[in-house]
Structures are given as C-alpha cells and as structure tokens.
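Q:
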Amino acid sequence: NQNQTLKQDSYIVMLTVFLFSFLQTVHSHKPHFIAVHCQEVGGKNCETSMAHVDSFIKELLSSDGLKEYSRARVYLDENYESKELFTALGSCYFIHDSLKNIQQFDFKAKKFKKVVGKETCSDTLESIPMLEKQKFPQDYFPECKWSRKGFIRTRWALADCAFDLVNIHLFHDASNLVALEKSPSVYSGTRQKALGYVLDWITDQRFEKLPYFVFGDFNFRLDTKQVIESLCSTATMQTVQAADTNEVDKLIFRESDNDRKVVLELEKKLFKYANQDVFRENNGTSLLEFDKELSVFKDRLHELEITFPPSYPYSEDSSQGKQYMPTRCPAWCDRILMSATARDLVLKPENEERSIVYDNIGPNVCMGDHKPVFLSFRIAAGAGKPNANKHKCCVVQ
Ligand SMILES: *[C@@H]1O[C@H](CO)[C@@H](O)[C@H](O)[C@H]1NC(C)=O
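Quick note: our numbering has the sequence shown finishing at residue 1415, numbered continuously throughout.
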C-alpha cells in the first residue's frame, strides 16, 4: 500500500543520508581503525527491512569512502525468528590498509588471530568464536517480556595495545507517566542492573582483563521527575482521567498567569514541551545536571565531556534535522564509555596531534530518531618507546 511504500522510501533516504554523513566523518578524521556499533538493525519492522540492511552493508563495504579499508568484520544479528536470541545488534569494524599489525581475539581458542580480508556474518552469531553475544536473562526484562536488548563483545589487539569493544542496548522507558512517579525512575533501576551484568561479564575470570570501551544505546534518560520540576517550576498541574478506566492518562502543566498557557503535555508516549529551544540552546548542556544514570558506575565507566545536544528522539521527517519528536524528553541515550585504563589510552598519547573529538554525526540532517555519536582519538602503540607508532581510532555509536 501507498503508506508502506512511503515509509520504505523515507527509510532509504535516511540510510543514504546516514551513509553520506558517516563517510564524511571518516574522511575528516581518517582513522586507521573504525568501530561502528548499531542497534535495532532492521528497524522495528524487521521482516521487511532486513533486505535493506543487507544492501546497505554491501554499499558501505564497497563505497569509495572506505576503499582504503580492505579488511573488515561485520556482525549482524538478523535472526529475528528466535525471540530468545535475537538482539538486532550490528557491530562493524573497518581497518585501514596502512595499519599492518591488527589481531582479533578468538574466545574459544583463547588466542589472538591475524585479521585478513572481509567477513560478514549475519546468522547464528552465538556460534562465532570471534565474539561473545548475549541477550539479557529473561528476568532482567521489565515484566519478563522479551525485547531486543543485549550486548556483543569483541576483543582487538592493535600492535601491542589490546582492548575490548562492547556494543550494548539497554531497556527503554516504556511510559513517561511511570518515569515521573519517582526519582530515580523504575526504568533507570532496570538499566543499572543490566549494565552491572555486562560489566561483571566482561571483567570476570575467564579472560585477561583489558581496557574496555562500551558504546551503544544505553537508553539513559534525564531524571524525569527532576527535569519536569525544573522545566515546569512555575506551572500548575492538571490531571486528565481516561473515560473508561478512570486512570490518569494525561498530565497538563499550565502557567498560572499568561492566559494559563500550556507548558507541557505528558502522556505514556507524549512529551510535548512548548519550548524545544531549551534542548538546543548551548546544545542542551544545561540539562546535563539531570543526566544521572552513570553516577553509580563512576568507578567503572568514564566518559569525555558531552558538548553535543541530546541524541534522542529526533523527528524522522527527512526535512527536519534538528527537530525533536514530541514523544519523550530529549536525552543522551547514545554514549561512548570506557574503563579507567581505556581512558588512559585515549588521554595519554602526548603528541602534537593529540586531537580527541567526542561529538555527534549529522547535526543538521535527519539521521533517524537517534543521532549517531562518535569518538575519535589516537592510541600510541608501544607508548614510551622511541618511534612509537600512533594509531588513529574512531568509534561510532
Ligand atoms: C554544539 O554541537 C555542535 C554539533 O555537535 C558542535 O559542532 C558545537 O561545537 C557545539 N557547541 C557547543 C557550544 O558546544
């Protein structure tokens, strides 16, 4: 039907814009090693969209912008028929031809192997020894209902510098009204438990402990109760009950004067705030004080300073690159986090080209409901030795 066709068309436009903006970022930073972590591969309608994913990956692998990256590893979890296993995660790694010494860890054989050629795997990732994939245990899911949440871990050695890369997708906020009930919200609790599970998993006794980078969609939200109290500090709240159940299904916040102008309308899946500029002025960074979900992990996860706007939920209208969708309070869901040892790798190389960039991709164009985030940095192989090689890395979420 026509609606379906329109949706598919806008999906293709979005993938094209995504590809262009991604390659632009690659071009301006010229990394030797690129790691791209995707979530919800295939989108919400996997059955119809997986074909697009496959052709997108083919296009990406053969694109001019990546022609100097003749080694690649692509892991796509496309097995949507298995609800116990499907995570819809996609992890892609590209290696520049000038990088001679790169190895990937085989978790079964417990040793590093030289990376040659290009490989794409999109089926039964569970059985591939070059990665560890897990869906969270069922009792970690809200109401024990399966959804596509889990993680994929790979391990790499770039010259003599080895590290883990973890692609992660944590639980979302199902209802704005429930998120508002208490601070911190019940959802932040389920995310905290799942993130703790991942960190315990990647630092257990089975393998040598290495610096790790965890990047993906953490679904971190601003503390809903506190942010609404701040955004609506002078407003009065009106509750609206559903006619059939008498349950409160809508909250309306109005100014007490000024013709009782509506400031915020809130429903399960509606967050309609009158002045979206607060999320864009100064890149919304005045709201970072409500971004609190990392604080319990402050010894295990580190991050560089955020200077870009909230990465979610952007409008999916391809003519609206900076507009937020009025469904959720904008938040920094997409993050690149690291262990203390990984942060040392990023911050240490004290050379003239020490340029570290933590930013988003495509700030002015529609990239879908999430704006990708990237971190570009150098790691010095053989740090401290004379003539140490400097390797440029770029990780994209
Ligand atoms: C705001 O974000 C944009 C896009 O990510 C970035 O280029 C710009 O430097 C940021 N501005 C500030 C004031 O941090």
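From the three backbone atoms N, C-alpha and C, an ideal C-beta is built for every residue, glycine too.
Should Pro1348 and Tyr1330 be called a contact, given that it needs their Cβ atoms to be closer than 8 Å?
A: For Pro1348 and Tyr1330, yes; Cβs fall inside 8 Å.
Q: Who's in the neighbourhood of ligand 1, going by beta-carbon under 5 Å from any heavy atom, listed in chain order?
A: Having a Cβ closer than 5 Å to some heavy atom of ligand 1 are Asn1301, Thr1325, Phe1326, Asp1377, Asn1378, Pro1381.
Q: Using a 10 Å radius around the Cβ and a threshold of 16 neighbouring Cβ atoms, would you call Leu1355 buried or exposed?
A: With 16 or more Cβ atoms within 10 Å of its Cβ, Leu1355 is classed as buried.
Q: Count the other CB atoms within 10 Å of the CB of Asp1277; is the residue buried (16 or more) or exposed (fewer)?
A: With fewer than 16 Cβ atoms within 10 Å of its Cβ, Asp1277 is classed as exposed.
Q: Going by Cα to Cα distance, which pick from Asn1063, Arg1224, Leu1288, Ile1186 is closest to Gln1210?
A: For the residues Asn1063, Arg1224, Leu1288, Ile1186, the minimum Cα distance to Gln1210 belongs to Ile1186.
Q: According to DSSP, is Gly1168 part of a helix, a strand, or is it coil?
A: Reduced to three states, the DSSP call for Gly1168 is strand.
Q: Going by alpha carbons, who is nearest to Glu1285 out of Leu1269, Lys1366, Lys1410, Val1296?
A: The option with the nearest alpha carbon to Glu1285 is Leu1269.
Q: Could you pull out every unbroken alpha helix (DSSP H) segment of at least 4 residues lying fully inside the segment 1150-1231, listed in chain order?
A: The qualifying runs are 1194-1199, 1204-1220.
Q: Buried or exposed: where does Gln1256 fall if 16 or more other Cβ atoms within 10 Å of its Cβ makes it buried?
A: So Gln1256 ends up on the exposed side.
Q: What distance in whole Å lies between the Cβ atoms of Phe1051 and Leu1149, which are believed to be in contact at a cut-off of 8 Å?
A: That pair is no contact at about 16 Å.
Q: Based on DSSP bridge pairs, tell me the residues matched to Gly1234.
A: Gly1234 pairs with Ile1186, Arg1353.
Q: Measuring only the C-alpha atoms, how far is Phe1231 from Asp1275?
A: Rounded to whole angstroms, Phe1231 to Asp1275 spans 50 Å at the Cα level.
Q: Within the continuous alpha helix (DSSP H) that includes Ser1248, where are the two ends?
A: Run containing Ser1248: 1242-1249, per the alpha helix (DSSP H) assignment.
Q: Classify Asp1235: buried if its beta carbon has 16 or more other beta carbons within 10 angstroms, exposed otherwise.
A: Counting Cβ neighbours within 10 Å, Asp1235 comes out buried, since at least 16 surround it.
Q: Just checking, does the segment 1197-1206 make contact with the segment 1300-1307 on the three C-beta pairs under 8 Å criterion?
A: No: fewer than three Cβ pairs fall under 8 Å.
Q: Tell me whether the segment 1037-1047 and the segment 1372-1383 touch, counting them as touching only if at least three CB pairs, one residue from each stretch, are closer than 8 Å.
A: The segment 1037-1047 is in contact with the segment 1372-1383.
Q: With DSSP run on the structure shown, which of helix, strand or coil describes Phe1074?
A: It is helical.
Q: Output needed for Val1258: all residues of its chain with C-beta closer than 8 Å, excluding positions within five of it in sequence on either side, in chain order.
A: Excluding positions up to five away in sequence, the list reads Val1266, Asp1267, Lys1268, Leu1269, Ile1270.
Q: For Asn1264, count neighbouring Cβ atoms within 10 angstroms of its own Cβ and tell me buried if that reaches 16, exposed if not.
A: With fewer than 16 Cβ atoms within 10 Å of its Cβ, Asn1264 is classed as exposed.
Q: With three or more C-beta pairs closer than 8 Å as the rule, is the segment 1052-1066 touching the segment 1107-1115?
A: Touching, yes.
Q: Taking Cβ positions, are Leu1249 and Ile1170 nearer each other than 8 Å?
A: No.
Q: Run through the segment 1286-1365 for me and flag every whole alpha helix (DSSP H) of 4 or more residues, listed as ranges in chain order.
A: Counting whole runs of 4 or more residues, the segment 1286-1365 contains the alpha helix (DSSP H) stretches 1358-1365.
Q: Out of curiosity, what's the CA-to-CA distance linking Ser1080 and Tyr1087?
A: Near 10 Å, if we compare the C-alpha coordinates of Tyr1087 and Ser1080.
Q: Kindly indicate which three-state DSSP category Phe1395 falls into: helix, strand or coil?
A: If DSSP states are grouped into helix, strand and coil, Phe1395 belongs with the strands.
Q: Using C-beta distances below 6 Å, list every residue in its chain close to Arg1318, excluding the 5 sequence neighbours before and after it, in chain order.
A: For Arg1318, where only same-chain residues beyond five positions count, the Cβ hits under 6 Å are Leu1217.
Q: Residues in its own chain within less than 6 Å of Phe1326 by CB, not counting five upstream and five downstream?
A: For Phe1326, where only same-chain residues beyond five positions count, the Cβ hits under 6 Å are Asn1301, Asp1377, Asn1378.
Q: Can you give me the Cβ contacts of Ser1333 inside the same chain, cut-off strictly under 6 Å, excluding the 5 residues immediately before and after it?
A: Closer than 6 Å at the Cβ level, and outside the excluded window around Ser1333, lie Gln1341, Met1343.
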